[in-house]
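**Q**
Numbering (the working numbering), first residue to last: 198 to 465.
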């Protein structure tokens, strides 16, 4: 039952495109493995601490971390959030805090039975050691291929048309969550008084996105980012620990869940 890391270890050539597609799943495995052993909230640092390497003869001298790459990390987090396995709570100054989702345990068990690399890790009999070795292979392949953060940027994908299939339940759930956030922002008198122009900006953009999702035939990832995800992030940061902020977080998760179903951006 060989996985991708095994293929690399056996000398099969991997190009950058394949690496970009596969690597986030191994970070997702590492993050999920941490949550499978701990019910408490986690930060990026607490997870990174579990995958530190201390050696003088490795690909980097001294200590280094096997889950240190931001683009791969962000894709892995988006994949887990999109499946509702974890929730991400942002802060204007502090690092994001990750919380185990209600469906985490059942989804973790399913992944360990049906999907690589989770299945391979479980099949090994020692998931922790297998994951560590696989991440080490990912780390070394990253260096071997000369990967850079810019390699993960695909401008053409940002503008590729995404079909808006009106019978798609995930799309409808995203629209519903988005509209609920719009209504909550509309009804916030304090927001209208204290941050009138920001509120106008938020409502203009979210309404544009909602209307396009309901009526257009296609949409681009760039449009969703600009008028949706980035604006919802602003709402979350403004309304920390409030029902409006929680609603914006749920809308973000619903949109990412829909995107995860139909495009290979948040790791297929």
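C-beta: ideal position from N, C-alpha, C; glycine also. Just so it is clear, the structure is predicted and the values come from calculations on it, not from any experiment.
Residue 437 by DSSP, collapsed to three states: which one?
**A** Within the chain shown, numbered from 1, the residue matching residue 437 stands at position 240. If DSSP states are grouped into helix, strand and coil, residue 437 belongs with coil.
**Q** Look at the alpha carbon of residue 443 and the alpha carbon of residue 329, and state the distance between them as a whole number of angstroms.
**A** If you number the chain shown from 1, residue 443 lands on position 246. If you number the chain shown from 1, residue 329 lands on position 132. Distance between the alpha carbons of residue 443 and residue 329 is about 34 angstroms.
**Q** Since residue 297 is in the beta strand (DSSP E), which residue starts that stretch and which ends it?
**A** Translated into positions along the chain shown, residue 297 becomes position 100. Taken as a continuous stretch (DSSP letters only), the beta strand (DSSP E) holding residue 297 covers 294 to 297.
**Q** Over the uninterrupted beta strand (DSSP E) stretch that includes residue 286, give me the two end residues.
**A** The residue you call residue 286 lines up with position 89 of the chain shown. Unbroken beta strand (DSSP E) run through residue 286: 283 to 286.
**Q** Roughly how many angstroms separate the alpha carbons of residue 379 and residue 366, rounded to a whole number?
**A** Position 182 of the chain shown holds residue 379. Position 169 of the chain shown holds residue 366. Each residue's Cα considered, the two are about 20 angstroms apart.
**Q** Here's a check: name, in chain order, each residue in its chain whose Cβ is nearer than 6 angstroms to the Cβ of residue 397, leaving out the five neighbours to either side.
**A** For the purposes of this step, residue 397 is identified with residue 200 of the chain shown, where counting begins at 1. Excluding residues within five positions, none has a Cβ falling inside 6 angstroms.
**Q** With a threshold of 6 angstroms, establish whether the CB of residue 261 neighbours any heavy atom of the ligand COA.
**A** With respect to the ligand COA, the structure shown offers nothing to examine, as it has no ligands at all.
**Q** Report the start-end ranges of each alpha helix (DSSP H) in the stretch 366 to 438 that is 4 residues or longer and not cut off at the edges.
**A** 366 to 383, 386 to 391, 393 to 412, 418 to 421, 427 to 435
**Q** Please report how far the alpha carbon of residue 384 lies from the alpha carbon of residue 377, in whole angstroms.
**A** Here the question's residue 384 lines up with position 187 in the chain shown. Here the question's residue 377 lines up with position 180 in the chain shown. Computed Cα separation, rounded: 11 angstroms.
**Q** Could you give the first and the last residue of the continuous alpha helix (DSSP H) run that contains residue 225?
**A** Here the question's residue 225 lines up with position 28 in the chain shown. Start and end: 213 to 234.
**Q** Along the chain, where does the alpha helix (DSSP H) containing residue 303 start, and where does it finish?
**A** Along the chain shown, one-based indexing puts residue 303 at 106. Its alpha helix (DSSP H) spans residues 301 to 311.
**Q** Residue range of the alpha helix (DSSP H) that residue 268 falls in?
**A** Within the chain shown, residue 268 is the residue found at index 71, counting from 1. That run of the alpha helix (DSSP H) goes 267 to 279.
**Q** Out of 242, 339, 453, state which residue places its alpha-carbon closest to the alpha-carbon of residue 219.
**A** As a first step, residue 219 is located in the chain shown; it is residue number 22 there, counting from the start. Here the closest residue by C-alpha is 339.
**Q** For residue 344, name the three-state secondary structure that DSSP assigns.
**A** In the chain shown, residue 344 corresponds to position 147, counting from 1. In the structure shown, residue 344 sits in coil (DSSP, three-state: anything other than H, G, I, E or B).
**Q** Using CA atoms only, rank isn't needed, just tell me which of 274, 247, 273 is closest to residue 262.
**A** By one-based count along the chain shown, residue 262 stands at place 65. The shortest CA-to-CA distance from residue 262 to any of 274, 247, 273 is the one to 247.
**Q** Kindly indicate which residue of 297, 362, 407 has the alpha-carbon position closest to the one of residue 425.
**A** Your numbering for residue 425 matches position 228 in the chain shown. The candidate whose alpha carbon is nearest that of residue 425 is 407.
**Q** Are residue 268 and residue 349 touching if we call contact CB-CB under 7 angstroms?
**A** Taking the chain shown and counting its residues from 1, one reaches residue 268 at position 71. Taking the chain shown and counting its residues from 1, one reaches residue 349 at position 152. It is a contact, given that the beta carbons lie within the stated cut-off.
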